[in-house]
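Q: Under the working numbering, the first residue of the sequence shown is numbered 2, with each subsequent residue one higher.
Think of the CB as a built atom: it goes at the ideal place given N, C-alpha and C, for glycine as much as any other residue.
A quick note: this is a predicted structure, and the numbers were derived from the prediction, not measured.
I have a structure here, written as structure tokens, and I will follow up with some questions on it.
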Amino acid sequence: SVYVEWSKRMTRCAGICYYRRGGECRIALSASYLTLRPRKDLVETLLHEMIHAYLFVTHNNRDRDGHGPEFLKHMVRINDITGASITVYHSFHDEYDHLHGHWWRCTGPCRQWKPFYGYVKRSMNLLPSNRDRWWGK
């Protein structure tokens, strides 16, 4: 089974596919990114996540990066048949910057690390801390 739902809390990506035990998965779509964008963006984001769900349900493919040859094969096939423009990554940069209005900059060695050079952007006003995965690296 595959469930689709809107998420008001998602601000890091336009959509995501979560895998559950028993062969179920859930597709969450970001209300922040997609409700004010053209319908085409919603459809293409949903199709993108549906490819992930299809690969999970049919091949038990749980690859979190998930944009390998099988994904690309289905993406190109759907684009060719429908005229859609499904891509691997979205280009909603203006929305991302708007939703992540809280910025911090590291004062330590992370200022030299690619790709963000010590900048942290967040949608909520939460200071970076040891609760962040990357903290202390």
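(1) When we look at the beta-carbon of E6 and count the other beta-carbons within 10 Å, is it buried (16 or more) or exposed?
(2) In whole angstroms, what separates the C-alpha of H49 from that of Y118?
(3) Identify whether L30 lies in helix, strand or coil by the three-state DSSP scheme.
(4) Do the segment 22-30 and the segment 73-92 make contact, defined as three or more Cβ pairs closer than 8 Å?
(5) Given a cut-off of 8 Å on the beta-carbon distance, is the pair A85 and V58 in contact?
(6) Quick check on this structure: which residue in T46, L37, C18, V89 has the alpha carbon closest to the alpha carbon of N61?
(7) Between which two residues does the beta strand (DSSP E) carrying Y4 extend?
(8) Tell me the DSSP bridge mates of C18?
(9) Report the CB separation of Y55 from H75 in whole angstroms; it is logged as a contact under 8 Å.
(10) Please report the distance separating the alpha-carbon of S1 from that of A15.
(11) Look at the Cβ atom of Y90, then the Cβ atom of R106, and state whether they are nearer than 8 Å.
(12) By Cβ distance, which residues of its chain are closer than 6 Å to K9, with the 5 residues on each side in sequence left out?
(13) Suppose you measure from the CA of P1 to the CA of E25; what does that come to, to the nearest Å?
(14) So, helix, strand or coil for V44, using DSSP?
A: Let me spell this out:
(1) exposed
(2) 30 Å
(3) strand
(4) no
(5) no
(6) C18
(7) 3-8
(8) I28
(9) 7 Å
(10) In the structure displayed, the chain extends from 2 to 138; residue 1 sits before or after that span and is not available.
(11) no
(12) A32
(13) Coverage of the chain is limited to positions 2 through 138, which leaves residue 1 absent and any answer about it impossible.
(14) helix
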